[in-house]
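Below is one structure; the comments refer to it alone.
Numbering (the numbering used here), first residue to last: 18 to 88.
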């Protein structure tokens, strides 16, 4: 998931402190507005939900659609 092209909506990582998988993102605070945070949270939370459900079912999620090149 971390190797997907942008926008990725968060980075998956393992926290050795909590021994849990975490999804995090750094947002530039300089010109950040509430509307931008709200807009970003929709796909971020969807990604978290997809991974949570997949892990609970001992699966890997299928994210995005496979691409093919022609020519």
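C-beta: ideal position from N, C-alpha, C; glycine also.
Practice task
Would you check if the distance between the CB atom of residue 44 and the CB atom of residue 26 is smaller than 8 angstroms?
Solution key: No.
Practice task
Buried or exposed for residue 34, please, with buried defined as at least 16 other CB atoms from any protein chain shown within 10 angstroms of its CB.
Solution key: exposed
Problem - Same chain only: Cβ atoms within 8 angstroms of residue 71, ignoring 5 sequence neighbours per side - result: Answer for residue 71: 77 and 78, listed in chain order.
Exercise for the section: Rounded to whole angstroms, what's the CA-CA distance from residue 42 to residue 63? Just pull it up for me. Expected result: 14 angstroms
Problem - Limits of the beta strand (DSSP E) - the one that residue 30 falls within - result: 28-32
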